[in-house]
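Each step along the sequence shown adds one to the number in this note's numbering, with nothing skipped, and position 46 is 421.
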Amino acid sequence: MVRGKAWMCLVCGWTYYEDLGLPDEGIAPGTAWGDIPDSWTCPNCGVGKNDFVMAPL
């Protein structure tokens, strides 16, 4: 069960879950959205962090 915050891409709907992180991209589980570099892009469609919104769990 995911308990932390989630951030959803407004373009493609892909969701980043803070509890899960993105280990394949070097982002450890538990990494807060604010701690991800601003240069990071959506692994699905390539847009930047500005195109994400907090998603309800």
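We put the CB at the ideal spot given by N, CA and C, even for glycine.
- Look at G409 here: in three-state DSSP terms it is helix.
- For A381, the enclosing beta strand (DSSP E) has its first and last residue at A381 to C384.
- Per the coordinates, the alpha-carbon of Y392 lies some 15 Å from the alpha-carbon of D426.
- Of the candidates G388, C417, D413 and L385, the residue whose Cα lies closest to the Cα of L397 is C417.
- By the neighbour-count criterion, in which 16 or more other beta carbons inside 10 Å mark a residue as buried, C384 falls on the buried side.
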